[in-house]
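Under this note's numbering, residues 29 to 385 are what the sequence shown spells out, in order. Working notes for the structure below.
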Amino acid sequence: MNNAFTAELHQVLLRLAGWLPDDVLARARSLLAHDRCAEVARLLAFAGRRSVLPLGEDDLDALAELLESEGHDPAVLEAIELIPENPPLPWQFSPDWGETGDDGNDEGADNAMLISALAEQDFLAELTEKPGVRGVWSTVRRPDGDVPFPKPRVIYVVEIDDEVDDVDEPVALAAQLQDTLIAAGERDPQVEIVSMHVVRPRYQRTAQMQGKLLWSPHGDAEIKVARVFDEVDPENGPRFASDHETMDDEDERTWILEYLDSGIELLVTTGTMGDIVDPAQGSVVPMNFRTDGVWVWTDTVTYYLETHHLAPDSELLEHIRAAGGLPSSLDTVTLGRAVAALSPAQGRQPVWTASGS
């Protein structure tokens, strides 16, 4: 990709997904893969004259700069009508097709399901060997409300780590996967390529959350939850054993604290609990949950290490010592598994619950 605007336009098209007609979006992505950025800008200008678009003033400024740089009149952008910020999505997403009609016998929908099922096999075969792919989702998109058109269709979301070596450019990958689906019979395929390192637009985020995970490179390794206290009594609450390990080496303690603080926040709460070692401190112990993709721990662990030099769970401590560096960014699949690790087993009740502020 040689055009300086290509990467920026990829992000613009992500924000326009679900608002542009499917055929226009697919065409724009094909043009972008060939660095035909001015054509993409002019296409968006025309689309914006026909319907409102979720673009911002910064987007319009970038499009104007692009058109001027290639000798086109940016005045065509003046007719674009903008949607207010964060508009509600006009779509519903679900992991499966469900019933295809009122009587379950909609022939057109059945054909669409068959084509999508066959195309999905080629799609996954194309993806699974590519470096940097961290997860692939599919979702069936329907118009919100009792609306018969547009018909339901499959949307794909591919999350990549675009900082690894040899990863395909998002723009090129989107066009390549579109071509794969077209060859398998899909019409105007919708493939959303998102980076694990940036905040995704609501459309792609919702498609991931409400769709189904088709593939990820992760195995079934269990994510462990670190123990904080040595004992928990149903009536008297938690306590540390009298022989609980302490960490008095300041250099190592500083490193362990830095690692714990660098974990990705999973669940954030303003609630606190009392300091059980020094109750006079009051309710000052934080309870946020963090993860590095292998372990989950709370800021409670960090507090007791920093304030009272009490070592973390021995297995977590061993893991941190062997890590060799701070936690790196995590993809959506890993974060989802970490959250799932916090869900209590069915029918299992906590022995004791903190009653902090």
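Ideal placement from N, C-alpha and C gives every residue a C-beta, glycine not left out.
At the C-beta level, Arg78 and Trp119 stay beyond 9 Å of one another. When the beta-carbon positions are compared, Ile221 and Ala202 come within less than 9 Å of each other. In the structure shown, Met141 adopts helical secondary structure according to DSSP, grouped into three states.
Shortest Cα-Cα distance from Val104 to any of Leu72, Val324, Gly247 and Ser58 involves Leu72. Secondary structure at Asp261: strand, using DSSP grouped into helix, strand and coil. Here Ser356 is exposed, its C-beta having fewer than 16 other C-beta atoms within 10 Å. Of the candidates Trp165, Asn139, Met224 and Ile143, Ile143 places its Cα closest to the Cα of Gly213. Spatial neighbours of Pro198 in its own chain (CB-CB distance under 6 Å, excluding positions within 5 residues in sequence) are listed in chain order as His38 and Ile221. Secondary structure note for Thr335: its alpha helix (DSSP H) is the uninterrupted segment Asp327 to His336. A straight-line Cα-Cα distance of about 36 Å links Pro217 and Ser371.
The beta carbon of Leu59 is closer than 6 Å to those of Glu67 and Val68 in its chain, skipping five residues each way along the sequence. Beyond the five residues adjoining it in sequence on each side, Asp258 comes within less than 7 Å, by CB distance, of Arg267, Phe268, Ala269 and His272 in the same chain, given in chain order. Look at Gln120 here: in three-state DSSP terms it is strand. The Cβ neighbour count for Thr34, taken over all protein chains shown within 10 Å, is at least 16; the residue is labelled buried.
Sixteen is the threshold: when 16 or more other Cβ atoms of the shown chains lie within 10 Å of the Cβ of Phe121, as they do, the residue is buried. Check the Cα spacing between Asp207 and each of Glu154, Asp63 and Lys252: the tightest is with Glu154.
Counting only runs that start and end inside the segment 203-284, the alpha helix (DSSP H) elements of at least 4 residues fall at 230-238. Counting C-beta atoms within 10 angstroms of its own C-beta, Ala350 has fewer than 16 neighbours from the protein chains shown and is therefore classed as exposed. Judged by DSSP in its simplified three-state form, Ile348 adopts helix. Within a 10 Å sphere around the beta-carbon of Ser244 sit 16 or more other beta-carbons, which makes this residue buried.
The segment 339-348 and the segment 277-291 touch, with no fewer than 3 CB-CB distances between them shorter than 8 Å. Per the Cβ contact rule, the segment 231-250 is not in contact with the segment 94-108 (fewer than 3 Cβ pairs under 8 Å). Exclusion of the five residues before and after Thr156 leaves Trp243 as the residues of its chain whose Cβ lies within less than 7 Å of its Cβ.
Within the model, the alpha-carbon separation for Ala211 versus Leu295 is close to 43 Å. Between Asp341 and Arg215, the C-beta spacing is not below 9 Å. Bounds of any beta strand (DSSP E) do not take in Thr297, whose DSSP letter is neither H nor E.
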